[in-house]
Amino acid sequence: MTDFYQSQRAMRAMRKAAMQRGVVALLDIGTSKIACLVLRFDGSDPALEAEGVGPLAGQSKFRVIGAATTQSRGVRFGEIDEMKKTEGAIRTVVQAAQKMANTRVDHVIACFAGAGPRSYGLASEVEVLDAQVGEQDVARVLAGCDMPDIGMGREVLHAHPVNFALDHRSGLSDPRGHVGNRLAVDMHLLTVETSAVQNLIYCIRRSDLELAGVASSAYVSGLSSLVEDEQELGAACIDIGGGATGVSIFMKKHMIFADTVQMGGDSITHDIAVGLQIPLNMAERIKTFHGGVVATGMDDREMIELGGNSGDWEKDRRQISRAELIGIMRPRVEEILEEVRAILDAAGFDHLPSQQVVLTGGASQTPGLDGLAARILGQNVRLGRPLRVQGLPQAATGAGFSSVVGLALSAASPQDEVWDFEIPAERLQGRPFRRAIRWFRENW
Amino acid sequence: MRPLNGEPRLRREPVLQAGQRRVIFGRRGGQRYRAPSRLAFRLQRLWLTPVVRALTRIGAPIFAVTLGLGLWFGDEGRRADFVQWVDDVKLQIQNRPEFRVSELKVEGAGPEVEEAARMLLPIELPASSFAIDLTAYHDAIARLDAVQDAAVIVRSGTLEVKVTERQPVILWRTPNGIEMLDAGGHRVASLTRRDARPDLPLIAGEGADAAVPEALEILSAAEPLLPKMRGLIRMGERRWDIALADNRRILLPSKNPARAVEEVLSLDRSDDLLSRDFAVVDMRNQDRPTIRLTPNSLEQFQIVTGQIVPEKKTETTRASARSSDTKSNAKASP
Chain A
1 MTDFYQSQRA
11 MRAMRKAAMQ
21 RGVVALLDIG
31 TSKIACLVLR
41 FDGSDPALEA
51 EGVGPLAGQS
61 KFRVIGAATT
71 QSRGVRFGEI
81 DEMKKTEGAI
91 RTVVQAAQKM
101 ANTRVDHVIA
111 CFAGAGPRSY
121 GLASEVEVLD
131 AQVGEQDVAR
141 VLAGCDMPDI
151 GMGREVLHAH
161 PVNFALDHRS
171 GLSDPRGHVG
181 NRLAVDMHLL
191 TVETSAVQNL
201 IYCIRRSDLE
211 LAGVASSAYV
221 SGLSSLVEDE
231 QELGAACIDI
241 GGGATGVSIF
251 MKKHMIFADT
261 VQMGGDSITH
271 DIAVGLQIPL
281 NMAERIKTFH
291 GGVVATGMDD
301 REMIELGGNS
311 GDWEKDRRQI
321 SRAELIGIMR
331 PRVEEILEEV
341 RAILDAAGFD
351 HLPSQQVVLT
361 GGASQTPGLD
371 GLAARILGQN
381 VRLGRPLRVQ
391 GLPQAATGAG
401 FSSVVGLALS
411 AASPQDEVWD
421 FEIPAERLQG
431 RPFRRAIRWF
441 RENW
Chain B
445 MRPLNGEPRL
455 RREPVLQAGQ
465 RRVIFGRRGG
475 QRYRAPSRLA
485 FRLQRLWLTP
495 VVRALTRIGA
505 PIFAVTLGLG
515 LWFGDEGRRA
525 DFVQWVDDVK
535 LQIQNRPEFR
545 VSELKVEGAG
555 PEVEEAARML
565 LPIELPASSF
575 AIDLTAYHDA
585 IARLDAVQDA
595 AVIVRSGTLE
605 VKVTERQPVI
615 LWRTPNGIEM
625 LDAGGHRVAS
635 LTRRDARPDL
645 PLIAGEGADA
655 AVPEALEILS
665 AAEPLLPKMR
675 GLIRMGERRW
685 DIALADNRRI
695 LLPSKNPARA
705 VEEVLSLDRS
715 DDLLSRDFAV
725 VDMRNQDRPT
735 IRLTPNSLEQ
745 FQIVTGQIVP
755 EKKTETTRAS
765 ARSSDTKSNA
775 KASP
């Protein structure tokens with residue numbers, strides 16, 4: 001953990017540098033598309049604040065000045081599979097976004113959906129040294145969490161202190177300065193496979209860019225598509241992407257669980273291609289324009305020309321009814337939603353006070369999906385679109401962009417992660433100079 | 445029954461809000477995808493770097509132009525040729541008929557001044573207006589004594605000189621001759637004979653020209669005296685004497701001489717002073733006007749007052765104030 005801890009700290013420092021410079025690129029590496037936004041940070045507008053418009057969760061601080069997407073290549077199930085192709089795609093999209101922004105971007109914050117995220121809930125408890133809780137107490141209680149056995153080749157992607165408790169008072173978001181005896185913390189740890197992160201770093205370095213942060217796609221799409229009270233009262237965000245479906249559960253404005261299903265819109269396309277014996281791009285086209293999950297009588301009469309240029313007239317002239325298409329798509333959609341249901345059950349979603357489910361991601365635009373999801377996931381289902389942010393082009397406001405917009409939000413007002421807190425003094429034994437600096441800072 | 449093809453059932457164009465740009469993502473159908481090479485990517489990033497952009501768009505052209513000019517002018521012969529060419533073009537332009545001055549017109553000047561102005565023009569007309577140094581010409585004209593003010597202007601081929609001449613108001617007799625002075629005491633011209641300007645009053649004495657305004661003041665106050673007056677004499681560059689006919693003088697104080705003149709006139713009105721036989725009326729002391737009599741009249745006076753026996757001469761250069769007062773009293777009493 002220490003190694004990754006250091007690299008996360010380094011990334012956080014780099015992100016601060018990027019914010020200082022004022023321009024940062026956000027990269028959502030998905031299975032079907034790679035999206036890139038270029039943000040310009042210029043501080044909150046004092047004129048707006050004078051009129052009583054608040055900082056809008058950090059949104060007023062930035063503006064989208066460049067946006068681009070490209071078809072994703074070399075990505076499978078939300079993980080980088082073919083480095084060269086992905087690197088080329090990243091270059092393409094960054095170049096286009098830079099061109100639109102008319103500025104050079106050096107720092108990139110990236111998110112991806114796959115790499116088998118696993119959630120762990122950790123808890124720790126320490127005695128408070130002084131009467132009041134200080135930085136060191138927080139550091140000690142965070143360090144006191146038992147590191148679970150995350151397995152070989154896995155790394156911590158997020159480590160959020162979700163809840164602080166002091167004696168019998170729980171639900172503190174910031175315990176510093178409180179008076180008490182025993183400080184306890186609940187922490188949410190999200191681990192992913194190391195190789196996926198390393199591949200990502202490699203691809204971004206090859207493009208002459210600096211990685212200033214990594215996030216889980218499930219987490220950031222929850223940030224952008226759940227509204228504030230949903231995040232507060234408990235909600236699940238289902239980001240149905242191309243190759244992977246991310247599930248994240250939010251409670252009290254913190255993510256408390258995240259997982260992915262390794263199925264998504266591409267699986268549906270694949271099913272259509274196999275079932276109708278048509279090329280994948282044709283299948284994608286038919287799915288996008290005619291797809292659905294609830295068949296009606298009208299759909300039997302709507303015929304879809306499959307087309308194709310195989311040279312066989314019989315094959316190229318085939319027609320199917322829309323009902324047939326729905327018949328192919330629906331079982332796969334149901335399967336995805338059943339998997340999501342299983343994950344939610346395993347996470348104990350039933351016990352949350354509010355059980356809102358928000359569907360987002362590109363495949364959530366399938367007509368009739370909310371009705372089908374309501375049957376499987378419970379009654380409180382809605383389709384979510386990303387929050388509107390300043391300067392976002394119309395074309396990037398769809399459900400498929402919720403993770404990249406969420407990345408923008410998390411870059412503007414980041415959640416405290418463990419590595420943002422101080423290192424406990426006991427761990428600094430080998431660094432007398434740093435201890436001296438710390439002692440000075442605390443005493444003057 | 446409508447057969448469907450792969451086209452969208454409902455084509456939806458995104459509704460653009462005001463001021464929103466339409467961004468088309470991805471590639472239009474069928475275009476072959478090709479990622480930018482690393483070199484192209486790096487070059488684009490380099491081009492988007494502000495310093496590089498500024499250097500290329502401002503620095504490089506400036507550098508190229510400077511380098512080219514530097515190389516061109518590095519050669520001595522080319523530089524000389526260029527200077528020669530510039531001079532030629534300049535001369536051509538200056539010699540165009542639009543800039544030719546062919547006539548000199550002098551306004552407001554007498555014949556002598558006009559002649560002098562023509563003489564002072566350094567070049568021969570017609571000439572280019574660039575060749576005439578108007579400032580120097582103006583200064584040369586303004587330096588003429590007879591000229592108070594001059595304006596020189598080139599207007600549609602004519603060099604116009606407008607001159608305001610000095611007006612002589614007084615004559616100044618000096619050992620070298622007679623000068624005419626204007627109201628400020630500046631020399632206007634010389635005269636050979638006094639008779640040439642009998643209308644102007646005459647002054648004399650060293651430094652008289654510096655006190656011409658005062659002299660004019662005295663003259664205006666002494667208007668009734670003018671027929672009897674020969675002129676004013678500056679004494680010791682300090683005060684004035686009025687010289688009357690028959691070598692008689694009125695000595696004026698250095699301060700407020702006009703008032704002294706008025707006093708003399710009032711004495712004249714009351715006591716008929718000026719028709720009497722005196723040599724000098726001394727007004728230098730304002731409180732005590734003094735009269736010096738001629739020797740003849742002094743003797744008469746002494747006989748009349750019984751100071752001496754007749755046929756016996758006494759030398760008295762100056763009568764005392766008391767005697768003068770007595771005399772005027774004696775005059776007034778009969």
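These protein sequences, in sequence, are chains A and B. In terms of this note's numbering, the first sequence has 205 at position 205, counting the first letter as 1, and numbering is strictly consecutive. To get this note's numbering, take the position in the second sequence, counting from 1, and add 444. Ideal Cβ placement from N, Cα and C applies to all residues, glycine included.
Residue i versus residue j: straight-line alpha-carbon distance, rounded
i: Glu542(B); j: Pro570(B); result: 12 Å
i: Pro668(B); j: Leu709(B); result: 8 Å
i: Arg301(A); j: Glu284(A); result: 21 Å
i: Val591(B); j: Asn539(B); result: 32 Å
i: Glu556(B); j: His582(B); result: 17 Å
i: Val126(A); j: Asp137(A); result: 8 Å
i: Ser225(A); j: Arg388(A); result: 10 Å
i: Arg21(A); j: Ala212(A); result: 13 Å
i: Asp690(B); j: Leu718(B); result: 12 Å
i: Ile80(A); j: Asn199(A); result: 7 Å
i: Ala595(B); j: Arg544(B); result: 19 Å
i: Ser207(A); j: Val197(A); result: 16 Å
i: Leu742(B); j: Val753(B); result: 13 Å
i: Glu334(A); j: Asp271(A); result: 13 Å
i: Phe112(A); j: Lys84(A); result: 17 Å
i: Ala139(A); j: Gln95(A); result: 41 Å
DSSP three-state assignment for residue i, whether helix, strand or coil
i: Asp712(B); result: helix
i: Asn309(A); result: coil
i: Ile752(B); result: coil
i: Phe526(B); result: helix
i: Arg434(A); result: helix
i: Gln198(A); result: helix
i: Val557(B); result: helix
i: Gly213(A); result: strand
i: Ser767(B); result: At Ser767(B) the pLDDT is 48, less than 50, meaning the model places this residue with poor confidence; the figure from the coordinates comes in the next sentence. If DSSP states are grouped into helix, strand and coil, Ser767(B) belongs with the helices.
i: Gln365(A); result: helix
i: Leu718(B); result: helix
i: Gly474(B); result: Low confidence applies to Gly474(B): its pLDDT is 47, below 50, so where it sits in the model is not reliable enough to give any reading.
i: Phe421(A); result: coil
CA nearest to the CA of residue i, picked from the options
i: Ser546(B); options: Ser481(B), Leu565(B) and Gly552(B); result: Leu565(B)
i: Asp146(A); options: Met152(A), Ala159(A), Leu392(A) and Gly134(A); result: Ala159(A)
i: Glu338(A); options: Gly311(A), Leu372(A) and Ser354(A); result: Leu372(A)
i: Leu233(A); options: Gly213(A), Glu335(A), Pro148(A) and Phe349(A); result: Phe349(A)
i: Arg692(B); options: Leu742(B), Ala524(B) and Ile735(B); result: Ile735(B)
i: Val24(A); options: Ala97(A), Met263(A), Ala143(A) and Ile80(A); result: Ala97(A)
i: Asn163(A); options: Ile150(A), Val185(A) and Val179(A); result: Val185(A)
i: Thr360(A); options: Met100(A), Ala235(A), Met303(A) and Ser321(A); result: Ala235(A)
i: Ala723(B); options: Arg732(B), Asn740(B) and Arg482(B); result: Asn740(B)
i: Ser173(A); options: Val133(A), Val340(A), Leu209(A) and Pro117(A); result: Val133(A)
i: Gln277(A); options: Leu325(A), Val418(A) and Thr296(A); result: Leu325(A)
i: Ala215(A); options: Ala408(A), Phe440(A), Ala13(A) and Ala17(A); result: Ala408(A)
i: Thr296(A); options: Arg9(A), Arg104(A), Met282(A) and Arg322(A); result: Arg322(A)
i: Gly378(A); options: Ser354(A), Ala67(A), Gln365(A) and Tyr219(A); result: Ser354(A)
i: Gly554(B); options: Arg482(B), Pro671(B), Ala508(B) and Gln611(B); result: Gln611(B)
Whole-angstrom C-beta distance between residue j and residue i, which should lie under 8 Å
i: Val404(A); j: Leu37(A); result: 6 Å
i: Val607(B); j: Gly552(B); result: 5 Å
i: His188(A); j: Ile256(A); result: 6 Å
i: Leu706(B); j: Met727(B); result: The question names Leu, but residue 706(B) is Glu in the sequence shown. With 8 Å as the limit, Glu706(B) and Met727(B) do not qualify as a contact, their Cβ atoms being about 10 Å apart.
i: Gly398(A); j: Val358(A); result: The Cβ separation is near 15 Å, so there is no contact.
i: Gly78(A); j: Ala273(A); result: Going by Cβ atoms, the distance from Gly78(A) to Ala273(A) rounds to 20 Å, so no, they are not a contact pair.
i: Gly264(A); j: Gly242(A); result: 5 Å
i: Ala258(A); j: Ser413(A); result: Not really, about 19 Å apart at Cβ, beyond 8 Å.
Cβ of residue i within 8 Å of any chain D Cβ
i: Ser267(A); result: Judged by its chain identifiers, the structure shown contains no chain D, and its protein chains are A and B.
Discussion item. I'd like the ranges of any beta strand (DSSP E) spanning at least 3 consecutive residues and lying wholly in the segment 618-705 of chain B.
Written reply: 621-625, 631-635, 646-648, 673-679, 683-688 and 693-695
Worksheet entry | alpha helix (DSSP H) segments (min. 4 residues) lying fully within the segment 157-190 of chain A | none
Fill in: Segments of 3+ residues assigned as beta strand (DSSP E) that fall wholly inside the segment 61-123 of chain A
62-71 and 107-112
Worksheet item: What alpha helix (DSSP H) runs, 4 residues minimum, are completely inside the segment 226-290 of chain A?
Response: 228-233, 265-276 and 280-290
Worksheet item: Can you give, in chain order, each stretch of the beta strand (DSSP E) that sits fully within the segment 535-585 of chain B and has at least 3 residues?
Response: 547-551
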